[in-house]
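Here's the structure, in structure tokens; my notes come after.
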Amino acid sequence: MTIGGEKKQRQRQALNRALPDPSVLAADIRAGSRVALARGITLVESSRADHQKIAQALLAALLPETGKAVRLGLSGTPGVGKSTFIEAFGRLLTGKGLRVAVLAVDPSSARTGGSILGDKTRMELLARDPRAFIRPSPSGGTLGGVARRTREAMLLAEAAGYDVILVETVGVGQSETSVADMVDMFVLLLAPGGGDELQGIKRGIMELADLIVVNKADGDLAPAARRAQTEYQAALHLMRPKTAAWTPHVLLASALKGEGLDKVWEAAEAYRTALTKSGDLDRLRANQAKAWFWTELREGLIASLKTDPKAAALVPQLEREVGEGGTTPTAAARRLLGLVLGRAEEA
1 MTIGGEKKQR QRQALNRALP DPSVLAADIR AGSRVALARG ITLVESSRAD
51 HQKIAQALLA ALLPETGKAV RLGLSGTPGV GKSTFIEAFG RLLTGKGLRV
101 AVLAVDPSSA RTGGSILGDK TRMELLARDP RAFIRPSPSG GTLGGVARRT
151 REAMLLAEAA GYDVILVETV GVGQSETSVA DMVDMFVLLL APGGGDELQG
201 IKRGIMELAD LIVVNKADGD LAPAARRAQT EYQAALHLMR PKTAAWTPHV
251 LLASALKGEG LDKVWEAAEA YRTALTKSGD LDRLRANQAK AWFWTELREG
301 LIASLKTDPK AAALVPQLER EVGEGGTTPT AAARRLLGLV LGRAEEA
């Protein structure tokens, strides 16, 4: 059995036990139980209706305890060393007495739906740290490389008393920017590569970055890293900052040697202080909550279309008509929506 298959089997076994009382589970999570937190996240990730009912009751009970953590999103080009960086950075933070939760979103296997990479094996030292919690979740093909329920998992981790939430995404891509809709600070990890590397980075990703970290700035790569820092900083000057309270900049780091990580944390603290003082942090999180609402609305609408009997009967016909050129995709979509919403457009 594959790693992803074994994980899914364990989750099914856990969820097939007697369903937990949300108030009891909430109390255990507040007390800092890692087992309770893991089970709570498994419940919010489940698509079963009974599990979702408990999960929403759990979130409602814990909502007053959320919002206090520093939320950092980390993305980067393939091979930049995200997992190595997160492990070294996480250990730095736990060494400072902070509790760190890593929500690492793995690519999903097309066959099993499970995680491919297995972050606990990629972050072995951090996984053994009692002040750290690592939760790998399959992305399930979700655009943005972020599992649909990552936001809820983040709230549960905050309620469990974790001071810093690190959200690692699958990698840089045009749809990868959804991580910025759930974190306070978006950190883009890049490798020394100079101008050629710069050409391969999407402008949209650069515009979303609150901090750029050139990793692997050690040994023979140190000169290239310094050149890359200069070029990325010049590129940032051409972009408008997201907020007047903070100007994005570029730092050098070596996760392998543990160098520069303190400066990354100092930047994260300075960023949070600046946005809190200006009121931008509250506005950012309010806008993120609205974006979350619309995401859930879209996902819920699609799920309703798939389960509605009349819609299910009409979809094959509409797909055939669209494929044969008998109608436009827009007209077909409106017809289907009209049917579900009770508008008599399904002629």
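Under the numbering used here, think of the first position of the sequence shown as 1, with each following residue one higher.
All C-beta atoms in this analysis are idealised placements derived from N, C-alpha and C, irrespective of residue type, glycine included.
Subject >> Range covered by the alpha helix (DSSP H) that runs through Val24 >> reply: Pro22 to Arg30
Original post:
Just checking my contact of Val180 with Thr66 at CB under 8 Å: how many whole Å lie between their CB atoms?
Top reply: Per the sequence shown, residue 180 should be read as Ala rather than Val. 19 Å between Cβ atoms; not a contact.
**OP:** Using the DSSP secondary-structure output, state which residues sit across from Leu281 in a beta bridge.
**Re:** DSSP output for Leu281 lists no bridge partner at all.
**OP:** Would you kindly check if the distance between the Cβ of Asp280 and the Cβ of Ala274 is under 9 Å?
**Re:** Their beta carbons are under 9 Å apart, which means Ala274 touches Asp280 by this criterion.
Original post:
Secondary structure at Gly356, three-state DSSP: helix, strand or coil?
Top reply: Given a span of 1 to 347 for the chain in the structure shown, any question on residue 356 remains unanswerable.
**OP:** Just mark Arg151 as buried or exposed, buried being the case when its beta carbon has 16 or more other beta carbons within 10 Å.
**Re:** With 16 or more other Cβ atoms within 10 Å, it is buried.
Original post:
Could you give the distance in angstroms between the alpha-carbon of Lys257 and the alpha-carbon of Ala311?
Top reply: Their Cα atoms are separated by approximately 57 Å.
Original post:
Roughly how many whole angstroms lie between the Cα atoms of Ala27 and Thr327?
Top reply: Approximately 55 Å, taken between the alpha carbons.
Original post:
So Leu190 and Tyr232 are in contact, right, with Cβ under 8 Å, and what is the actual spacing, rounded?
Top reply: 7 Å
Original post:
Rounded to the nearest angstrom, how far is the Cβ of Arg45 from that of Ser178, given a contact under 8 Å?
Top reply: The sequence shown places Glu at residue 45, rather than the Arg named in the question. Not confirmed; about 17 Å, so no contact.
Subject >> Rounded Cβ spacing between Val102 and Ile86 (contact assumed at less than 8 Å) >> reply: The beta-carbon separation of Val102 and Ile86, rounded to 6 Å, stays under the 8 Å limit for a contact.
**OP:** Compute the distance between the beta-carbons of Thr84 and Arg131, then report whether it is under 9 Å.
**Re:** no
**OP:** Spell out the partners DSSP gives Val340 in its beta bridges.
**Re:** Val340 pairs with nothing; no bridge assigned.
**OP:** Could you tell me the boundaries of the alpha helix (DSSP H) in which Arg39 lies?
**Re:** Arg34 to Glu45
**OP:** Using only alpha-carbon positions, find the residue among Ala268, Gly219, Met154 and Gly32 that is nearest to Val213.
**Re:** Closest by alpha carbon: Ala268.
**OP:** Report the rounded CA-to-CA distance for Asp50 versus Pro223, giving the unit in angstroms.
**Re:** So the two alpha carbons sit approximately 56 Å from each other.
Original post:
Hey, out of Gly300, Arg298 and Arg335, whose CA is closest to Pro348's CA?
Top reply: Outside the shown range of the chain, which is 1 to 347, sits residue 348, and nothing can be said about it.
Subject >> Residue closest to Ala18, alpha-carbon to alpha-carbon, out of Arg91, Arg39, Trp292 and Thr330 >> reply: Distance from the Cα of Ala18 is smallest, within the candidate group Arg91, Arg39, Trp292 and Thr330, for Arg39.
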